Amino acid sequence: MGNVSQSLRERYRTTFEDAVDEMSIAQKKEMHRDLQHQALLLLQLESEILRILRKLSEEEANLRRREEFLELRRRAYVKRLDTASVEEQKKKREEEEEEEEEEEEEEEEEEEEEEEEEEEEEEEEVEW
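Count along the sequence shown from 1, then add 114; that gives the number in the working numbering.
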């Protein structure tokens, strides 16, 4: 009888080990499917990240071009302001020179008038 029970034990053990092996194979297959699915998701994620990076790179290039354009506009504007400022300063100098000339002319006229008045006074004194 000892032989029979040992034989039964071995048969049950073999069946159990086979069941464990089968379960393990099923788990391995399921795990393999999960890993394949995760790999697919990672590839999709990588593809999306690359798409976003390309878009960001394009946006960066656009911003750089825009910044360069704005810098050129700013320089042109500053140049125009400088030119306008120089012209305005010229105009002010010319106006100041004109004012000085006018003042000098007025002073000369006043001096002439004073001289004429003095001459008239002298003539009047002479006539008296």
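All C-beta atoms, glycine included, are put in the ideal place defined by N, C-alpha and C. Quantities reported herein were computed from a predicted structural model and do not represent experimental measurements.
Span separating the alpha-carbon of residue i from that of residue j
| i | j | result |
| --- | --- | --- |
| Q150 | E185 | 52 Å |
| N117 | H146 | 42 Å |
| E220 | E211 | 14 Å |
| L164 | V192 | 41 Å |
| E174 | K206 | 46 Å |
| Q152 | E131 | 30 Å |
| A198 | R187 | 16 Å |
| D135 | R168 | 48 Å |
| L157 | I166 | 14 Å |
| E209 | E229 | 30 Å |
| E213 | K204 | 14 Å |
| E234 | E225 | 14 Å |
| A190 | E218 | 41 Å |
| R180 | E172 | 12 Å |
| R178 | V200 | 32 Å |
Can you list, in chain order, the stretches of the alpha helix (DSSP H) that have 4 or more residues and sit fully within the segment 143-218? Listed in chain order, the alpha helix (DSSP H) elements of length 4 or more contained wholly in the segment 143-218 amount to none.
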